[in-house]
Amino acid sequence: MTTTDSTAAGPAAEAAESPRALARARKRQSLARFWRAYRSHKSGLWGLAALVLIALIALVAPLLVGADSQSVTDAPGGPLESPSGEFPLGTDQFGRSVLALLVWGARVSLTVGLLAAVLCVAIGTVVGIVAGHFRGWYSTVLMRVTDWFLVMPTLVLAIALATVMDRSIWTVILAIGVTTWPTTARLVRAQTLAVESRPYIERSRALGGGHGHIMLRHVLPNVMPLVLAQTTLVISSAILTEATLAFLGLGDPTITSWGGMLQDAREAGAVSAGHWWYLAPPGIAVAVVALAFTLCGRAVESVLNPRLGVSR
Numbered sequence: 001m002t003t004t005d006s007t008a009a010g011p012a013a014e015a016a017e018s019p020r021a022l023a024r025a026r027k028r029q030s031l032a033r034f035w036r037a038y039r040s041h042k043s044g045l046w047g048l049a050a051l052v053l054i055a056l057i058a059l060v061a062p063l064l065v066g067a068d069s070q071s072v073t074d075a076p077g078g079p080l081e082s083p084s085g086e087f088p089l090g091t092d093q094f095g096r097s098v099l100a101l102l103v104w105g106a107r108v109s110l111t112v113g114l115l116a117a118v119l120c121v122a123i124g125t126v127v128g129i130v131a132g133h134f135r136g137w138y139s140t141v142l143m144r145v146t147d148w149f150l151v152m153p154t155l156v157l158a159i160a161l162a163t164v165m166d167r168s169i170w171t172v173i174l175a176i177g178v179t180t181w182p183t184t185a186r187l188v189r190a191q192t193l194a195v196e197s198r199p200y201i202e203r204s205r206a207l208g209g210g211h212g213h214i215m216l217r218h219v220l221p222n223v224m225p226l227v228l229a230q231t232t233l234v235i236s237s238a239i240l241t242e243a244t245l246a247f248l249g250l251g252d253p254t255i256t257s258w259g260g261m262l263q264d265a266r267e268a269g270a271v272s273a274g275h276w277w278y279l280a281p282p283g284i285a286v287a288v289v290a291l292a293f294t295l296c297g298r299a300v301e302s303v304l305n306p307r308l309g310v311s312r
């Protein structure tokens with residue numbers, strides 16, 4: 001009896017597991033196809049390599065430069081020393097190593113860029129799908145609010161929010177996220193309208209599919225490639241905005257970021273005094289990371305939508 005039951009249960013278990021195994025196999029095949037297509041974009045590979053290197057440096061920052069390298073009271077060097085063997089990028093006005101500050105700043109800049117981009121894309125995706133799915137006054141109200149945010153200068157809105165709220169890293173993330181979502185909302189809405197015009201959406205409605213089912217099971221999976229590509233592009237903009245806010249003195253003064261380093265260099269008179277080693281490294285770092293994310297974003301966008309014809 002036991003042998004018969006186990007024999008009968010074997011094919012049943014395999015039949016139950018086969019759809020999951022098939023789904024996992026299809027996902028692996030899709031990822032493999034995506035990676036093969038992505039590798040053909042040389043600029044995207046260069047951007048990805050730069051991001052991986054910078055992310056690894058940020059992760060192991062405590063091991064590379066030590067946690068006390070940000071201390072003002074225990075600074076190892078003199079104020080504004082030029083580059084040397086001990087300090088490859090010189091020191092700041094407090095005698096701290098600019099190279100160590102640059103490594104620590106990568107953690108904050110990448111964190112702010114990633115979280116702000118996720119918040120921006122999440123808001124834009126929800127607004128875009130809802131505005132594209134529901135017609136009538138729902139869509140009209142959402143699009144007029146989107147248009148208002150779209151025509152307002154993003155940096156001015158971010159500065160206003162960062163001014164009235166507490167000066168912290170979360171304030172910067174919130175200020176960037178809630179002011180940069182309209183472009184994503186517009187793109188997602190257009191894609192939602194295209195998806196909902198397809199025949200299988202009508203069949204889903206005829207079979208009793210509700211609004212939530214259609215938006216979550218049909219629309220969202222079809223707009224996710226666009227959302228993924230938009231996220232990689234928004235990250236670079238978020239990092240630049242964070243650097244700008246920190247440069248204007250609206251960042252968290254208790255943490256080290258690349259924008260904060262630029263602000264400190266300006267206050268220390270690095271521009272007029274010619275202390276290039278204090279001013280140039282954080283500016284170059286911001287430009288490199290923004291460029292790397294842009295290259296990755298363009299490559300992802302070209303892979304997911306080959307009709308764009310993005311140059312390789």
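Numbering (UniProt numbering), first residue to last: 1 to 312.
Yeah, the Cβ is synthetic: ideal placement off N, Cα and C, and Gly gets one too.
By alpha-carbon positions, which one of the options ends up nearest to residue i?
i, options, result
"L115", "L150, S272, S18 and E242", "E242"
"T140", "W170, A117 and R186", "R186"
"R205", "S30, E81 and H133", "H133"
"W276", "G90, Y38 and S43", "G90"
"S69", "R135, A100 and L63", "A100"
"R107", "F94, L64, P83 and L142", "L64"
"I239", "A287, G66 and A58", "A287"
"S82", "D92, A58 and P76", "D92"
"L80", "A67, V98, D74 and R28", "V98"
"L110", "F87, P76 and I57", "I57"
"L155", "S272, P225, I173 and L216", "I173"
"L150", "G124, R135, Y138 and A32", "G124"
"G212", "A55, V289, P88 and V126", "V126"
"A285", "A55, R203, S272 and R144", "A55"
"A290", "A37, F87, G85 and G113", "G113"
"A292", "S40, V52 and G85", "V52"
"P182", "R203, G208 and M143", "M143"
Within its chain, find whatever has a CB closer than 8 Å to the CB of residue i; leave out the 5 residues flanking it on each side and keep chain order.
i, result
"W148", "none"
"S18", "none"
"A13", "With a pLDDT of 47 at A13, under the threshold of 50, the predicted position of this residue should be treated as unreliable, though the coordinate-derived value follows. Within the same chain, A13 has no close Cβ partners at all."
"V72", "F94 and R96"
"T7", "Its pLDDT being 48, under 50, T7 is placed unreliably by the model, and nothing is read from it."
"G66", "A100"
Using a Cβ-Cβ cut-off of 7 Å (strictly less than) and excluding sequence neighbours within five positions of residue i, which residues of its own chain qualify?
i, result
"V121", "T184, V227, Q230, T231 and V234"
"G237", "The question names Gly, yet the displayed sequence has Ser at residue 237. Taken in chain order, the residues that qualify are T180."
"R20", "none"
"G259", "E242, A243, T244, L245, A246, F247 and G251"
"N305", "none"
"T256", "Q70, L101, W104, G105 and V108"
"A270", "Y278 and L279"
"P11", "For P11, the predicted model reports a pLDDT of 49, less than 50, meaning its position is unreliable and no value from the coordinates is stated."
"P225", "L304"
"P282", "L102, G105, W258, M261 and L262"
"M215", "I129 and H133"
"D5", "The pLDDT assigned to D5 is 49, lower than 50, so where the model puts this residue is not dependable, and the model offers no usable value."
"A50", "V288 and A292"
"P88", "L99"
If you drop the 5 nearest sequence neighbours on each side, which residues of the same chain put their C-beta closer than 6 Å to that of residue i?
i, result
"A175", "A158, L161 and A162"
"P253", "none"
"C296", "G44, G47, L48 and T232"
"S168", "D252"
"R189", "G128, A131 and G132"
"T294", "S236"
"V178", "none"
"A117", "T231, V234, I235 and A238"
"M165", "T171"
"Q191", "V223 and L226"
"A37", "V303"
"M152", "none"
"L119", "G177"
"P62", "none"
"G208", "none"
Mind checking who residue i pairs with in its DSSP beta bridge?
i, result
"T179", "Per DSSP, none; premise fails for T179."
So does residue i have its beta carbon nearer than 8 Å to some heavy atom of the ligand SAM?
i, result
"V164", "For the ligand SAM, the structure offers nothing, since it holds no ligand at all."
Worksheet item: Using 8 Å as the Cβ pair cut-off and three pairs as the minimum, do the region 243-263 and the region 206-224 touch?
Response: no
Worksheet item: If you scan the region 73-126 from start to end, which runs of the beta strand (DSSP E) of 3 or more residues do you find wholly inside it?
Response: none
Worksheet item: Would you call the region 264-280 and the region 188-199 touching, i.e. three or more CB-CB distances under 8 Å?
Response: no
Fill in: Continuous alpha helix (DSSP H) assignments of at least 4 residues falling wholly in the region 196-246
199-206 and 211-214
Item to complete: Please go through the region 265-301 and give each complete beta strand (DSSP E) segment of 3 or more residues, from N-terminal end onward.
Response: none
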